[in-house]
Amino acid sequence: MTAAVFFGCAFIAFGPAFSLFIFTIAKDPLRVIILIAGAFFWLVSLLLSSLVWFIATKATNAQDLTLQKNLLIFGSIFSVILQEVFRFAYYRLLRKANEGLAAISEEDGPPLSVREMAYVAGLGFGIMSGAFSMINTLSDSLGPGTVGMFGDSQYYFITSALMTLALTMLHTFWGVVFFEGCERKRWWVIAVVLCVHLMVFSLSLLNPFYVGSILPVYAIMLLMAVWAFFSSGGSLHNITLLWTCRKSNTETSS
Amino acid sequence: NIPSMSTSDSEEDSYNERTALVASEIPSVPSYQQDPDQPQPADMEPRRRTVAPEPAAEPPSLDRSAVEREPVDLEEEEELPLKYGAKHVIMLFVPVTLCMVVVVATIKSVSFYTEKNGQQLIYTPFTEDTDTVGERLLNSVLNTIIMISVIVVMTIFLVVLYKYRCYKFIHGWLILSSLMMLFWFSFMYLGEVFKTYNLAMDYPTVAMIIWNFGVVGMICIHWKGPLQLQQAYLIAISALMALVFIKYLPEWSAWVILGAISVYDLVAVLCPKGPLRMLVETAQERNEPIFPALIYSSAMIWMVGMANPARHAEPTNQDTGTFCLISAYNPLALTMLRGVKLGLGDFIFYSVLVGKAAATGGDWNTTLACFVAILIGLCLTLLLLAIFKKALPALPISITFGLVFYFSTDNLVRPFMDNLAAHQFYI
Chain A
71 MTAAVFFGCA FIAFGPAFSL FIFTIAKDPL RVIILIAGAF FWLVSLLLSS LVWFIATKAT
131 NAQDLTLQKN LLIFGSIFSV ILQEVFRFAY YRLLRKANEG LAAISEEDGP PLSVREMAYV
191 AGLGFGIMSG AFSMINTLSD SLGPGTVGMF GDSQYYFITS ALMTLALTML HTFWGVVFFE
251 GCERKRWWVI AVVLCVHLMV FSLSLLNPFY VGSILPVYAI MLLMAVWAFF SSGGSLHNIT
311 LLWTCRKSNT ETSS
Chain B
130 NIPSMSTSDS EEDSYNERTA LVASEIPSVP SYQQDPDQPQ PADMEPRRRT VAPEPAAEPP
190 SLDRSAVERE PVDLEEEEEL PLKYGAKHVI MLFVPVTLCM VVVVATIKSV SFYTEKNGQQ
250 LIYTPFTEDT DTVGERLLNS VLNTIIMISV IVVMTIFLVV LYKYRCYKFI HGWLILSSLM
310 MLFWFSFMYL GEVFKTYNLA MDYPTVAMII WNFGVVGMIC IHWKGPLQLQ QAYLIAISAL
370 MALVFIKYLP EWSAWVILGA ISVYDLVAVL CPKGPLRMLV ETAQERNEPI FPALIYSSAM
430 IWMVGMANPA RHAEPTNQDT GTFCLISAYN PLALTMLRGV KLGLGDFIFY SVLVGKAAAT
490 GGDWNTTLAC FVAILIGLCL TLLLLAIFKK ALPALPISIT FGLVFYFSTD NLVRPFMDNL
550 AAHQFYI
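Residue numbers (our numbering), protein chains in the order written: chain A, 71 to 324; chain B, 130 to 556.
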C-alpha cells in the first residue's frame with residue numbers, strides 16, 4: 071500500500087499496452103478511433119453480461135454464498151461468450167466500414183488493412199478489459215490498508231497486475247487470430263479462441279493458488295503470441311531476417 | 130502564421146449559446162478577394178467534393194449553434210477526406226479528454242468541489258433535502274424546468290440582440306463574463322488547491338499569479354495569441370465552469386438537467402424556428418462572422434493562394450482579430466484547411482457528466498465508461514456531420530450515451546466487477 075506498489079503494479083499491468091499505444095497507434099488518427107470503438111464494444115458486452123448476472127442475483131437468495139459464487143461463475147462464462155460475440159460483431163462492422171472507405175477513396179485498397187484493424191481492435195478490447203479489472207485495485211493500493219489481514223494472500227496486488235497484463239496481451243492476440251480466421255472463413259478458429267478464453271477464465275478460478283493460475287496463463291499467452299505471429303504473416307524467415315538485420319530482396323513486410 | 134480568433138466567455142446563464150459543433154471556415158476569406166486576379170471562392174465550388182450549405186457566400190466561421198461542415202480538398206488529395214475526417218475527430222478528442230482529465234483530477238483531489246454545504250444556484254431554488262423520494266424527484270424536475278427556461282430566455286435574448294445589431298452590448302457582456310471566469314473563478318480554484326495540499330501562500334504572490342493568468346487569458350481569447358495557448362485557456366475555462374456546476378447543482382437535478390439540455394440542444398438546432406438555428410441563418414444572411422463566441426478551434430487555418438507572393442498577412446476583421454497568412458509556396462488553387470470547431474458548452478457539459486461520475490461513489494470504472502461513451506458519441510456526431518453536412522447539435526448523442534453508461538455501469542457493472550476482483554476471477 072505504498073507508492074512503490076502503486077507504480078510497480080501500474081507499470082506491470084499497463085506498461086506494454088501503453089507503449090504499444092504510443093508507438094503504433096497514437097500517430098494514426100484512424101487507428102485511435104478504431105481502438106476506442108473496440109473499447110466501447112467490449113464495454114457494451116460487459117454491460118449486457120452484468121445485466122444478466124444482476125438479474126440472476128436479484129432473483130435468488132442473497133444469503134446463500136455458494137449459490138452466489140456459482141452465479142458469479144455463470145455470469146462470467148456468459149460474459150466471455152458475449153465478449154467473443156461482440157468481437158465478431160466488431161469484425162463485421164469494421165469490414166463493412168472498410169469496404170465503404172475503400173469505395174470512396176481514390177487510392178488502391180482500403181486505408182487500413184484487416185490485419186492492422188485486427189491488431190488495433192484486439193488491443194482496444196485488451197486495454198479496456200485490463201483497465202476495468204485493475205483500476206479500482208490500483209486506486210485502493212494508494213490508500214491505507216494491510217494486505218492479507220484475514221488470511222488472504224499477501225501477493226494480491228502483484229498477481230492482479232500480472233494477470234491483467236496477461237489478459238491484455240491475450241485479447242490483442244485473440245483479436246489478430248480471430249479476424250484472420252474470419253477473413254479466411256476458418257470458423258474453427260473462432261471456436262478455438264472461445265475455448266482458450268474460457269480456459270483462461272477457468273484457470274483464474276484457481277486463484278489464490280497462483281502457481282496454478284498465473285504460470286499456465288502465461289504459457290497460454292506465449293502460445294497465442296506464436297499463433298498470432300504466424301497468423302498475421304510472420305514466418306521463421308522473417309525472424310532470421312530480423313536477427314541478421316538484412317533486408318529481403320522483395321519489399322520487407324511489416 | 131498564427132491564426133487566432135477572438136472568443137469570449139460568458140457566465141453560466143449564457144452557456145447555452147456554446148452548445149454547438151461547428152466546422153466552418155474563417156471569416157476573413159471574403160475580404161481577401163481584393164485582388165481581382167484571385168479566383169473567387171465560388172469558382173472553387175466544382176472542385177469541392179462536397180457542397181457547402183451556402184455555396185455562394187463564405188459561411189461565417191463562428192457559429193454558436195450550428196454545425197456546418199465543408200471539407201475542401203485539393204484535387205490530388207481526394208482520398209484525404211477520410212484521413213482529414215479522422216484527424217478532425219482526434220483534434221477534438223484531445224481537448225475534450227484534457228478537459229475531462231483536469232476536471233476528474235480536481236474532483237478526486239480537491240474535496241471542495243464535492244462538498245455540499247446547502248448552497249445552491251438561484252437557478253435551482255428547490256432543495257433536494259426532502260423526506261421522500263417522490264418529493265426529491267419533483268424538486269429536481271422543477272429545478273430543471275427553471276434552469277432550462279433561463280437558458281431559453283437567455284438564448285432568445287441573445288438572438289434578439291443579434292438581430293437588432295446590438296453588438297456592443299453583446300461584446301461587453303461577454304468581456305465581463307470572461308473577466309469573472311479568468312480572475313474570480315481561477316482565484317477560488319487556486320485557493321482550494323492550496324488548501325488541499327496545505328501550501329502556505331502570501332497574497333502578493335497570489336495576486337501576481339492571478340493577474341498574469343487573467344490578463345494573458347483575456348488577451349488570448351479576445352484578441353490575438355498563439356493557437357495552443359488559446360486552446361489551453363479555453364480548456365481551462367471550460368474545466369472551471371464544469372467544476373462550478375458540479376459543486377452547485379444538486380445531485381438529481383444535475384442529471385435531469387443534463388438530459389434536458391441535450392433535448393433542448395436537439396430542438397434548438399434542428400427545428401426550423403429554433404433560436405439557435407435562427408441565429409445561424411441570420412448570420413449567414415448577413416454574411417458576417419457571428420460575434421466572438423466560446424468556440425474551440427482545433428486547427429491552424431492556413432490559406433494557400435495563387436497570388437502575388439508579396440501578399441502577406443493582414444488583419445482583416447478587427448472585431449474578431451482573426452488574420453491569416455497567405456503562403457505562396459503552392460501556386461495551386463485556392464484551398465483552405467479548416468479545422469473543426471466545438472462550442473465550449475459542449476466541453477462543459479461533457480466534463481460535468483464525467484466529473485459527476487467521478488464525484489459520486491469514487492468508482493473509477495464508471496468514470497472510464499462515461500469517458501469512452503462520450504468519445505464514441507462525439508465520433509458518431511462527427512460522422513453524422515460528415516454525412517448530412519448541416520447544422521447539428523453536439524450534445525444529444527454523447528450525453529445520452531454518457532447517461533446510459535453512467536447509470537448502467539454504476540448499478541450493474543460495478544457490483545459484478547467488484548465481486549470478480551474480490552475473488553480474482555479474470556474474464
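By construction, the Cβ of each residue, glycine as well, lies at the ideal position given by its N, Cα and C atoms. All values derive from a computational prediction rather than experimental measurement.
Rounded to whole angstroms, what is the Cα-Cα separation between residue i and residue j?
i: A:A295; j: A:T242; result: 9 Å
i: A:F220; j: A:L117; result: 32 Å
i: B:L395; j: A:C315; result: 58 Å
i: B:P401; j: B:M283; result: 19 Å
i: A:F88; j: A:A96; result: 10 Å
i: A:L264; j: A:E154; result: 7 Å
i: B:A84; j: B:L473; result: Absent from the model: residue 84 of chain B. The displayed extent of chain B is 130 to 556, so no value can be given.
i: B:Y242; j: B:I477; result: 15 Å
i: B:S391; j: B:K376; result: 20 Å
i: A:A159; j: A:V150; result: 14 Å
i: B:F536; j: B:Q249; result: 24 Å
i: B:R294; j: B:K353; result: 24 Å
i: A:L113; j: B:I556; result: 12 Å
i: A:A74; j: A:K166; result: 46 Å
i: A:G78; j: B:G403; result: 54 Å
i: B:M429; j: B:S480; result: In this prediction, B:M429 scores a pLDDT of 43, lower than 50, which makes its location untrustworthy; the coordinate-derived value is nonetheless stated afterwards. Distance between the alpha carbons of B:M429 and B:S480: 25 Å.
Per DSSP, what kind of secondary structure is residue i in: helix, strand or coil?
i: A:L105; result: helix
i: B:K292; result: helix
i: B:K297; result: helix
i: B:A515; result: helix
i: B:L521; result: coil
i: A:K255; result: coil
i: A:L212; result: coil
i: B:G472; result: strand
i: B:K216; result: helix
i: B:D539; result: helix
i: B:P379; result: coil
i: A:Y225; result: coil
i: A:L133; result: Here residue 133 of chain A is Gln; the residue named in the question, Leu, does not match the sequence. A:Q133 falls in the coil class under three-state DSSP.
i: B:N548; result: helix
Leaving out five residues before and five after residue i in sequence, what residues of the same chain have Cβ atoms less than 7 Å from its Cβ?
i: B:V239; result: E321, V322, T325
i: A:T234; result: A83, G200, S203, M204
i: B:G346; result: L311, Y362
i: A:P214; result: M71
i: A:A80; result: L208
Identify which residue in the options has its Cα closest to the Cα of residue i.
i: B:M317; options: B:S306, B:I277, B:L372, B:L507; result: B:L372
i: A:D222; options: A:Y280, A:W297, A:L171; result: A:Y280
i: A:L105; options: A:A261, A:S146, A:M269, A:G245; result: A:G245
i: B:L266; options: B:V344, B:V481, B:M330, B:E380; result: B:E380
i: A:A126; options: B:V223, B:F545, B:A551, B:Q553; result: B:F545
i: B:D492; options: B:K297, B:L513, B:L541, B:M407; result: B:L541
i: B:K245; options: B:G263, B:G343, B:L378; result: B:L378
i: A:I103; options: A:A132, A:E169, A:L164; result: A:L164
i: B:A502; options: A:V75, A:G108, A:C79; result: A:G108
i: B:L532; options: B:E257, B:E414, B:N416, B:A383; result: B:A383
Assuming residue i contacts residue j (C-beta within less than 8 Å), just tell me the rounded distance between them.
i: B:T510; j: B:L521; result: 6 Å
i: B:V223; j: B:G484; result: Not quite, the Cβ-Cβ distance comes to about 18 Å (not below 8 Å), so this is no contact.
i: A:P99; j: B:I219; result: 4 Å
i: B:I275; j: B:T253; result: 7 Å
i: B:T495; j: B:A486; result: 5 Å
i: A:G196; j: A:M239; result: 7 Å
Near residue i, what residues of its chain come up, given a Cβ to Cβ distance below 6 Å and the 5 sequence neighbours on each side ignored?
i: A:G218; result: Q224
i: B:A498; result: F534, T538
i: A:Y161; result: F249, C252
i: B:G506; result: I526, S527, F530
i: B:N437; result: The predicted model places B:N437 with a pLDDT of 37, which falls under 50 and marks its position as unreliable; any figure quoted below should be read in that light. Same-chain partners within the cutoff: there are none.
i: A:V287; result: A236, V270, L273
i: A:P278; result: S223
Go through its chain and collect everything with a Cβ distance to residue i's Cβ below 8 Å, but skip five positions before and after it.
i: B:L369; result: M310, F314, S315, Y318
i: B:C349; result: S133, P355, L358, Q359, Y362
i: B:I277; result: I386, A389, I390, Y393
i: A:T130; result: L137, Q138, L141
i: B:V270; result: V385
What are the residues of the stretch 135-152 of chain A that lie near chain E, defined by any Cβ-Cβ distance shorter than 7 Å?
-> The displayed structure is made up of protein chains A and B, and chain E is not among them.
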